[in-house]
Amino acid sequence: MFAKPTTNGPVTNTKLPGYMISRGYQRPKAHISDREIYFRTSLQNTILDVLKSRPGWQEAPSETEWDFFWCDREWLHQNYDTTFLQENQKILHFRNYYELTRKNLMVKNIKRLKRQTEREFGKLEGQSFDFYPTTYELPSEYHIFVEEFKKNPGIIWIMKPAAKSQGHGIFLFRKLKDITNWKKGDYQPLADQTKEAPELYVVQRYISNPYLIGGRKFDLRVYVLVVSYNPLKAWLYREGFARFSNSKFSLDSIEDAYIHLTNVAVQKTAPDYDPEKGCKWSLQRLRNYLIAKHGIEVVQKTYKDIDNIIIRSLQSVQKTIINDKHCFEMYGFDVILDSNLKPWLIEINASPSLTASGKEDYILKCGLLNDVLNVLDLEHKLTGNEKRVGGWDLMWDDGPVLNDDQLDSQQSILTLPTPNTFLGLFISSHICWSLLEVAK
Ligand SMILES: Nc1ncnc2c1ncn2[C@@H]1O[C@H](COP(=O)(O)OP(=O)(O)O)[C@@H](O)[C@H]1O
Ligand SMILES: [Mg+2]
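Position 331 of the sequence shown, counting from 1, maps to 331 under the UniProt record's numbering, and the rest follow consecutively.
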């Protein structure tokens with residue numbers, strides 16, 4: 001199913017390799033008839049700080065004169081179809097980005113590719129899609145859900161609105177009668193055709209054995225940048241964070257959001273939340289912790305499975321997303337590890353929060369966004385052959401990208417090349433550079 005591996009050719013001598021760009025950034029010559037690069041943004045947080053402090057960039061003089069637009073989804077819905085994009089313009093979001101980010105559509109698309117894979121390559125290959133908890137869309141699949149529910153007495157389910165975020169509208173339940181009230185409200189099938197359709201939900205098996213650290217549950221926020229769907233070209237960011245819940249995990253009080261939902265938006269409202277300490281660990285800290293506890297091999301398997309989750313999910317919408325060379329997407333994947341260190345895909349966000357919850361978070365997000373701009377390369381500083389740009393590693397380029405650095409050294413000539421992904425491995429000097437640039 002995976003296409004042939006590609007190992008991009010050597011970087012030419014005429015330009016710096018990508019990772020040098022990120023650290024030794026020089027004021028670029030604007031490519032657009034020697035003027036500054038014009039940006040627009042719908043958000044006023046870290047992305048604005050990054051854009052403002054980027055050498056050679058300035059705010060667009062008018063609403064239409066921009067080269068780069070970090071737009072919000074509302075703008076996209078209202079304007080994309082009627083806007084003619086010039087050759088060099090870059091804009092956040094693909095036209096139908098929601099195919100992967102609405103919880104019901106994500107599962108539908110993954111299920112479809114799984115079926116197709118099973119038909120073409122057999123059941124075993126289809127198992128590589130078993131990375132999301134059993135999920136049904138409501139109300140359309142209510143009856144199938146009830147059958148499944150009855151087959152698994154006693155397990156816990158989680159109900160989530162398909163298109164909301166930050167933990168809004170989510171609840172856990174054990175018994176069908178627990179959802180009676182909910183059924184009477186939002187879900188009620190409509191007799192009156194003139195009324196708006198009922199809100200869509202997903203009901204999903206709750207991961208009741210999460211991996212715990214200090215007795216607390218957490219999920220991983222992993223950043224993925226897609227610069228093209230056809231062919232698929234995707235980058236994985238090395239850094240990210242684990243978001244912990246504030247209260248110790250227990251299945252006794254399933255109604256307690258501070259135990260079961262790891263969203264920062266939820267956790268920061270906890271009465272005993274400490275804004276100084278926050279509720280995050282860097283992915284680097286998490287990786288080191290897991291390796292110390294379980295050894296590198298076990299942890300490598302987990303990270304390989306996370307790579308698989310990312311690629312399979314992107315492939316599931318590859319033919320559905322309307323590809324456009326002007327568009328790019330920066331996703332935030334939510335992943336939970338269970339007590340066996342198996343990663344589960346919870347959801348994918350097309351607008352992951354860019355608001356910083358503390359100083360470290362600010363540094364991380366500024367570095368992340370600066371590196372997005374470096375990959376997009378409006379300044380034309382890259383060769384196009386880079387496999388690493390700052391904290392971004394090219395993970396898929398119409399096929400898996402391999403880390404062939406080791407092939408350069410004679411002693412490891414017999415070692416099989418490994419994927420070019422390094423989640424949780426980070427170079428601190430890179431972060432410092434980003435902060436310095438932004439702090440200027
Ligand atoms: N199936 C699940 N099993 C365990 N925890 C879950 C599950 N689904 C969601 N959660 C928890 O609830 C949080 C919010 O769910 P999510 O699907 O990400 O919705 P939202 O869009 O509101 O963030 C997750 O970050 C996770 O902590
Ligand atoms: Mg989420």
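Don't be surprised by glycine CBs; every beta carbon is placed ideally from N, CA and C.
Taken atom to atom, the span from the alpha-carbon of Leu51 to that of Thr355 is near 15 Å. Around the Cβ of Gly278, a 10 Å sphere holds 16 or more other Cβ atoms; the residue is buried.
Distances taken from the Cβ of Leu345 to the heavy atoms of ligand 1 include none shorter than 7 Å.
Within the same chain, Cβ atoms closer than 6 Å to the Cβ of Tyr303 are found at Leu423, the five residues on either side in sequence being excluded. If you ignore the 5 residues before and after Phe68, its C-beta comes within less than 7 Å of the C-beta of Ile37, Phe39, Lys90, Leu378, all in its own chain and listed in chain order. In the DSSP secondary-structure assignment, Tyr38 is bridged to Gln58. In the structure shown, Ala292 adopts helical secondary structure according to DSSP, grouped into three states. At a cut-off of 4 residues, the continuous stretches assigned as alpha helix (DSSP H) that sit fully inside the segment 320–396 are 359–376. Annotation for Leu113: the continuous alpha helix (DSSP H) segment containing it runs 103–121. Residue pairing from DSSP places Thr418 in a beta bridge opposite Asn403.
For Thr135, the closest of Glu147, Trp392, Tyr97 by C-alpha to C-alpha distance is Glu147. In this structure, Asn349 has its beta carbon less than 7 Å from a heavy atom of ligand 2. At least one heavy atom of ligand 1 falls within 7 Å of the beta-carbon of Tyr206.
Within the chosen limit of 7 Å, ligand 1 reaches the beta carbon of Ile336 through at least one heavy atom. Nearest C-alpha to Lys342 among Val299, Asp361, Leu364, Ser353: Val299. Contact check for Arg221 against Asp307 fails: the beta carbons are separated by 8 Å or more. Not one heavy atom of ligand 2 sits closer than 7 Å to the Cβ of Ser245.
Sequence-distant Cβ neighbours of Ser208 in its own chain, meaning closer than 8 Å and more than five residues away, are Ile155, Ile156, Leu251. By DSSP's assignment, Ser282 forms a beta bridge with Phe241. Cβ contact annotation for Ser339 (same chain, cutoff 8 Å, sequence separation greater than five): Asn209, Pro210, Tyr211, Leu212, in chain order.
Annotation for Asn263 indicates a beta carbon within 7 Å of some heavy atom of ligand 2.
The residue among Tyr201, His260, Arg216 with its C-alpha nearest the C-alpha of Tyr142 is Tyr201. The beta carbon of Asn403 sits closer than 7 Å to those of Pro417, Thr418, Pro419, Asn420, all from its chain and outside the five residues before and after it, given in chain order. Under the DSSP assignment, Tyr142 falls in the alpha helix (DSSP H) whose first and last residues are 142–151. The Cβ neighbour count for Gln315, taken over all protein chains shown within 10 Å, is at least 16; the residue is labelled buried. Taking the Cα positions, Phe121 is about 20 Å away from Ile310.
Within the chosen limit of 7 Å, ligand 2 does not reach the beta carbon of Ser353 with any heavy atom.
Judged by their CB atoms, Val372 and Lys387 are not nearer to each other than the 8 Å cut-off. Counting C-beta atoms within 10 angstroms of its own C-beta, Ser245 has 16 or more neighbours from the protein chains shown and is therefore classed as buried. Membership of Ile91 in the beta strand (DSSP E) is indicated by the continuous run 90–92. Going by beta carbons, Val224 and Ser357 fall outside the 8 Å limit. By a beta-carbon distance limit of 8 Å, Pro133 does not contact Arg238. Their separation comes to about 27 Å. When the Cα atoms are used, Met395 and Ala234 turn out to be separated by approximately 6 Å. In its chain, beyond the 5 residues on either side, Cys71, Arg73, Leu76, Cys327, Glu329, Ala350 have a beta carbon closer than 7 Å to the beta carbon of His93.
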